[in-house]
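Novice: Throughout the sequence shown, residue numbering follows this note's numbering, covering 791 to 921 in sequence. Built from N, CA and C at the ideal position, the CB exists for glycine as well. These numbers were taken from a predicted model, which means no experiment stands behind them.
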Amino acid sequence: MIDTKLQFATQEPVALVMDPKPVSADLSILLTRYFQVTHCSSLPQTLQTLAVSQPTLMVISSRFAPTKLIQAFEALKERSTQTLIPVIVSLDLTQPTITLPGTRWAGKLGFISPDTSQDEFAALIHRLFLA
């Protein structure tokens, strides 16, 4: 198992989750090993949160329309001061995914699904923050 203790520049690393549904128990378990979790269920709520804070990581649900995803990526890019804030796209495997904008994101992008194990998530976090 990969070590879950990462050193972040901030004292309390925050994962901002943009998902129209509540954060699932499985995702919450994965995230809370590393981050304090803030959940936003809409794009306006996410934009308001980003206007006043800078998360360490952003988790974006693929359930949003591509135009809303683009707006979220643009707002996150504006909040990124020195480097891009890493993004994880949470895939809903029950929904067809037409377009996922921002799929390069300077190598600071990852994908998870409900089947993502703790070890896979730990490896993804290490790649996003230590690579």
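Would you say the stretch 913-920 touches the stretch 850-864, given that touching needs at least three Cβ pairs under 8 angstroms?
Specialist: no
Novice: Identify, in the order they occur along the chain, each residue of the same chain with its Cβ nearer than 6 angstroms to the Cβ of Ile878, setting aside the five sequence neighbours on each side.
Specialist: For the purposes of this step, residue 878 is identified with residue 88 of the sequence shown, where counting begins at 1. Counting only residues of its own chain and dropping the five nearest sequence neighbours on each side, Ile878 has a CB closer than 6 angstroms to the CB of Val849, Gly900 and Ile902.
Novice: Would you check if the distance between the CB atom of Val813 and the CB atom of His829 is smaller than 8 angstroms?
Specialist: As a working note, residue 813 is residue 23 in the sequence shown. As a working note, residue 829 is residue 39 in the sequence shown. When the beta-carbon positions are compared, Val813 and His829 come within less than 8 angstroms of each other.
Novice: Here's the rule: buried if 16 or more other CB atoms are within 10 angstroms of the residue's CB, otherwise exposed. What is Pro876?
Specialist: Mapped onto the sequence shown, residue 876 falls at position 86. Result: buried.
Novice: Using three-state DSSP, classify Phe901 as helix, strand or coil.
Specialist: Within the sequence shown, the letter at position 111 stands for residue 901. Strand at Phe901.
Novice: Tell me whether Ile860 sits in a helix, a strand or coil according to DSSP, three-state version.
Specialist: In the sequence shown, counting from the first residue as 1, residue 860 sits at position 70. It is helical.
Novice: Measuring straight from C-alpha to C-alpha, what distance separates Met791 and Ala896?
Specialist: The sequence position of residue 791 within the sequence shown is 1, counting from 1. The sequence position of residue 896 within the sequence shown is 106, counting from 1. With a pLDDT of only 43 at Met791, under 50, the local geometry of the prediction cannot be trusted, and the value read off the model is given with reservation. Cα to Cα, the separation comes out at about 27 angstroms.
Novice: Are the CB atoms of Leu806 and Pro845 nearer to each other than 8 angstroms?
Specialist: On the sequence shown, position 16 is the one that residue 806 refers to. On the sequence shown, position 55 is the one that residue 845 refers to. Yes, Cβ-Cβ distance for Leu806 and Pro845 is below 8 angstroms.
Novice: Once the 5 residues before and after Lys898 are set aside, which same chain residues still bring their CB inside 7 angstroms of it?
Specialist: Translated into the one-based positions of the sequence shown, residue 898 becomes position 108. The residues are Leu874, Pro876, Val877 and Leu918.
Novice: Please report the Cβ distance between Asp809 and Ser907, rounded to the nearest whole angstrom; I am assuming they are in contact, meaning their Cβ atoms lie under 8 angstroms.
Specialist: Position 19 of the sequence shown holds residue 809. Position 117 of the sequence shown holds residue 907. Not confirmed; about 20 angstroms, so no contact.
Novice: Who are the near neighbours of Ser831 in its chain, counting only those whose CB is closer than 6 angstroms to its CB and skipping five residues on each side?
Specialist: The count along the sequence shown starts at 1 and reaches residue 831 at position 41. Taken in chain order, the residues that qualify are Pro810.
Novice: Would you give the residue range spanned by the alpha helix (DSSP H) that Val842 belongs to?
Specialist: Locating residue 842 in the sequence shown gives position 52, where the first residue counts as 1. Where Val842 is concerned, the enclosing alpha helix (DSSP H) stretches over Leu833 to Val842.
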